[in-house]
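K.L.:
Numbering (full-length UniProt numbering), first residue to last: 1 to 435.
1) My assumption, with CB atoms under 8 Å, is that residue 353 sits in contact with residue 288. Please give the rounded CB distance.
2) Between the alpha carbons of residue 291 and residue 44, how many angstroms are there, rounded?
3) Grab me the residues of residue 190's own chain with a C-beta within less than 6 Å of its C-beta, minus the 5 sequence neighbours each way, in chain order.
4) With DSSP run on the structure shown, which of helix, strand or coil describes residue 290?
5) Quick one, are the C-beta atoms of residue 75 and residue 157 less than 7 Å apart?
6) Could you compute how far the alpha carbon of residue 86 sits from the alpha carbon of residue 56?
7) Let me make sure I understand the geometry here. Which of 363, 346, 368 has the alpha-carbon closest to that of residue 40?
8) In this structure, does DSSP put residue 311 in helix, strand or coil?
9) Could you have a look at residue 304 and say whether DSSP puts it in helix, strand or coil?
10) With distance defined between alpha-carbon atoms, name the residue in 344, 168, 95 nearest to residue 196.
11) Pick from 104, 213, 370: whose alpha carbon is nearest that of residue 177?
12) Pick helix, strand or coil for residue 191, following the three-state DSSP scheme.
13) As an exercise, report each continuous alpha helix (DSSP H) stretch of at least 4 residues that is fully enclosed by the stretch 201–229, in chain order.
14) What is the DSSP secondary structure of residue 345, counted as helix, strand or coil?
15) Going by CA-CA distance only, name the one from 50, 181, 361 that's closest to residue 206.
16) So the candidates are 161, 160, 327, 153; which of them puts its Cα closest to the Cα of residue 244?
17) My output table needs one value for residue 358: the three-state DSSP class, helix, strand or coil.
18) Taking the alpha helix (DSSP H) that residue 352 belongs to, which residues open and close that run?
19) Might you give, ordered along the chain, the residues of its own chain that have their beta carbon closer than 6 Å to the beta carbon of residue 308, omitting 5 neighbours on each side?
20) With respect to the alpha helix (DSSP H) encompassing residue 270, which residues constitute its N-terminal and C-terminal limits?
21) I want to know whether the stretch 139–154 touches the stretch 95–109 - three or more CB-CB distances under 8 Å.
22) Residue 222 to residue 324, Cα distance in whole Å?
23) Just confirm the distance between the C-beta atoms of residue 77 and residue 60, as a whole number of angstroms; I'd bet it's less than 8 Å.
24) Helix, strand or coil, according to DSSP, for residue 257 in the structure here?
25) Short of 6 Å in beta carbon distance, which residues of its chain neighbour residue 335, apart from the five on each side in sequence? Order them along the chain.
26) Curious, which full-length alpha helix (DSSP H) runs of at least 4 residues does the stretch 61–127 contain?
27) According to the neighbour-count rule (16 or more other Cβ atoms, all chains shown, within 10 Å of its Cβ), is residue 172 buried or exposed?
28) Tell me the DSSP secondary structure of residue 331 in three-state form.
29) Helix or strand or just coil, what does DSSP make of residue 367?
30) Using the C-alpha atoms, what's the distance from residue 349 back to residue 367?
31) Identify the continuous beta strand (DSSP E) that holds residue 436 and give its terminal residues.
32) Determine the extent of the beta strand (DSSP E) in which residue 437 is found, giving its start and end residues.
33) With a threshold of 6 Å on Cβ separation, who are the neighbours of residue 167 within its own chain once the five nearest residues in sequence on each side are excluded?
34) My assumption, with CB atoms under 8 Å, is that residue 248 sits in contact with residue 342. Please give the rounded CB distance.
35) Under 8 Å by Cβ, that's how I've got residue 188 and residue 208 pegged, so tell me the actual separation to the nearest angstrom.
36) As a quick exercise: from 136, 337, 252, pick the residue whose alpha carbon is nearest that of residue 185.
Below is the structure:
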């Protein structure tokens, strides 16, 4: 069957924020991609269409005893108005679409199981006590005759083919149509411009409703009052659209976009080219090897000082209460292992991996690292906070703060180049240019 040309990746919560060998994700889940809980999920046209579309709506006095609710083969959405009154919207089969559902539940209606993931630097002392991801979080309807068109809707159908919006859920009626929002909401953010090969900028977060409407964000994640309607945006997914489920964030990639992205083989070749230059630690004078994944080979493993950006091998010099003093420029700051970011779907171009993320230390291309994901002053990602070796390539290596929490607040610091200490002419990777 022809592919629907789409790929979903659990990007922010399960990959980019990881650090430390104990919980390194780097494009895949630590236990491996198994069953329906995977780091990526490819959508193909189903052998038989399973999409649904609204057919009729009516008011019932006893919603839980209505025929539509009791019929486990009848898809329906129940909007509870009072304890004894609800509006039920019945859905009928749609032979022109396929439906894919995402959520925390492991029940059979869910195609892509998504769980809360703790950032790698917090896995040692934290556990997810109560998930904020809905068991049936959202559904995607893809057109079979036009695979490029796929739309996202809040909430998914359960085992009995029902969706329930309780009495306290946010809902409204307009022109005889009813719609609503889920408790923690499903947020989307479309890119502005081409995600791959151009100069992508990501827009603003919007909330998508159960019926597929697009709205500005509520004052808080679960506020009762919905945001205003966004007329010039739709729920149609684009290459590079982010989907936030309040505990996990997904990246939507199209087949056309992935065809322009680097392959895993290409990324591995870039690592081989860097290692072919035999970069040398300026302290221990030993050869460093940039790994494709974190290894236990301490002598060859490169480390990066996040404040100044110098790259060196492991040594015991300069420890100061959890931080280290860089022997090149004497700046004190955190140190993390340096490792190639190996998931190609996160890349916006096929450039050399001359930049790295802060605080995880994953290497990527300049455009991929410097991508500004949000233009809201209260929600920023992609701000550069420190620089790496200036001698590895003509441009400075840099890192970025990329921490996302469920309330959509980013802790970030913008690099002030005027106050950054000078980088010595002889950098840790100078041999790559001198050879």
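We put the beta carbon where it would ideally sit given N, CA and C, even for glycine.
P.N.:
Quick look at the numbers:
1) What you label residue 353 is simply residue 353 of the chain shown in a count that begins at 1. What you label residue 288 is simply residue 288 of the chain shown in a count that begins at 1. Going by Cβ atoms, the distance from residue 353 to residue 288 rounds to 14 Å, so no, they are not a contact pair.
2) As a position in the chain shown, residue 291 is number 291, starting the count at 1. As a position in the chain shown, residue 44 is number 44, starting the count at 1. Roughly 33 Å between the two C-alpha positions.
3) Taking the chain shown and counting its residues from 1, one reaches residue 190 at position 190. Cβ within range, chain order: 203, 238, 241.
4) Translated into positions along the chain shown, residue 290 becomes position 290. Coil at residue 290, not helix or strand.
5) Residue 75 sits at position 75 when you count from the first residue of the chain shown. Residue 157 sits at position 157 when you count from the first residue of the chain shown. Yes, Cβ-Cβ distance for residue 75 and residue 157 is below 7 Å.
6) Residue mapping note: residue 86 aligns to position 86 of the chain shown, counting from 1. Residue mapping note: residue 56 aligns to position 56 of the chain shown, counting from 1. If you take the alpha carbons of residue 86 and residue 56, they lie about 14 Å apart.
7) Reading the chain shown from its first residue, position 40 is the one you call residue 40. Looking at the Cα atoms, 346 is the closest of the given residues.
8) Taking the chain shown and counting its residues from 1, one reaches residue 311 at position 311. In this structure, residue 311 counts as strand in the three-state DSSP scheme.
9) For the purposes of this step, residue 304 is identified with residue 304 of the chain shown, where counting begins at 1. Strand, per DSSP.
10) On the chain shown, residue 196 is found 196 positions in, with the first residue counted as 1. Of 344, 168, 95, the smallest CA-CA separation from residue 196 is found for 344.
11) Along the chain shown, one-based indexing puts residue 177 at 177. When each option's Cα is compared against that of residue 177, the closest is 213.
12) The sequence position of residue 191 within the chain shown is 191, counting from 1. Note: residue 191 maps to strand in three-state DSSP.
13) none
14) As a first step, residue 345 must be located in the chain shown, where it is residue number 345. Looking at residue 345 - three-state DSSP - the assignment turns out to be helix.
15) Numbered from its first residue, the chain shown carries residue 206 at position 206. Here the closest residue by C-alpha is 181.
16) As a working note, residue 244 is residue 244 in the chain shown. Of 161, 160, 327, 153, the residue nearest in Cα terms is 153.
17) Against the chain shown, residue 358 aligns to sequence position 358. In this structure, residue 358 counts as strand in the three-state DSSP scheme.
18) Sequence index remark: in the chain shown, residue 352 carries index 352 (1-based). It is not in any alpha helix (DSSP H) - residue 352 carries neither H nor E in the DSSP assignment.
19) As a first step, residue 308 must be located in the chain shown, where it is residue number 308. Excluding residues within five positions, the ones whose Cβ falls inside 6 Å are 326, 329, 331.
20) Stepping through the chain shown from its first residue, residue 270 is reached at position 270. Run containing residue 270: 264–276, per the alpha helix (DSSP H) assignment.
21) yes
22) Here the question's residue 222 lines up with position 222 in the chain shown. Here the question's residue 324 lines up with position 324 in the chain shown. Taking the straight line from one Cα to the other gives about 42 Å.
23) To locate residue 77, count along the chain shown from 1; it is residue 77. To locate residue 60, count along the chain shown from 1; it is residue 60. About 13 Å separates the two Cβ atoms, so there is no contact after all.
24) What you label residue 257 is simply residue 257 of the chain shown in a count that begins at 1. Helix at residue 257.
25) Translated into the one-based positions of the chain shown, residue 335 becomes position 335. Hits under 6 Å: 303, 305, 324.
26) 67–70, all fully within the stretch 61–127.
27) Taking the chain shown and counting its residues from 1, the one referred to as residue 172 is at position 172. Exposed, since its Cβ has fewer than 16 Cβ neighbours within 10 Å.
28) For this step, residue 331 is matched to residue 331 along the chain shown. DSSP places residue 331 in coil when its eight states are reduced to three.
29) For the purposes of this step, residue 367 is taken as residue 367 along the chain shown, with counting starting at 1. Looking at residue 367 - three-state DSSP - the assignment turns out to be helix.
30) The residue labelled residue 367 in the question sits at position 367 within the chain shown. The residue labelled residue 349 in the question sits at position 349 within the chain shown. Whole-angstrom Cα-Cα distance: 7 Å.
31) As shown, the chain starts at 1 and ends at 435. That puts residue 436 outside it, with no answer to give.
32) Past the boundaries of the shown model lies residue 437; the chain is included only from 1 to 435, so the question cannot be answered.
33) Walking along the chain shown from the start, residue 167 turns up at place 167. For residue 167, where only same-chain residues beyond five positions count, the Cβ hits under 6 Å are 80.
34) In the chain shown, counting from the first residue as 1, residue 248 sits at position 248. In the chain shown, counting from the first residue as 1, residue 342 sits at position 342. Wrong, their Cβ atoms sit about 20 Å apart, outside the cutoff.
35) Looking up residue 188 in the chain shown gives position 188. Looking up residue 208 in the chain shown gives position 208. Going by Cβ atoms, the distance from residue 188 to residue 208 rounds to 6 Å, so yes, they are a contact pair.
36) Numbered from its first residue, the chain shown carries residue 185 at position 185. The candidate whose alpha carbon is nearest that of residue 185 is 136.
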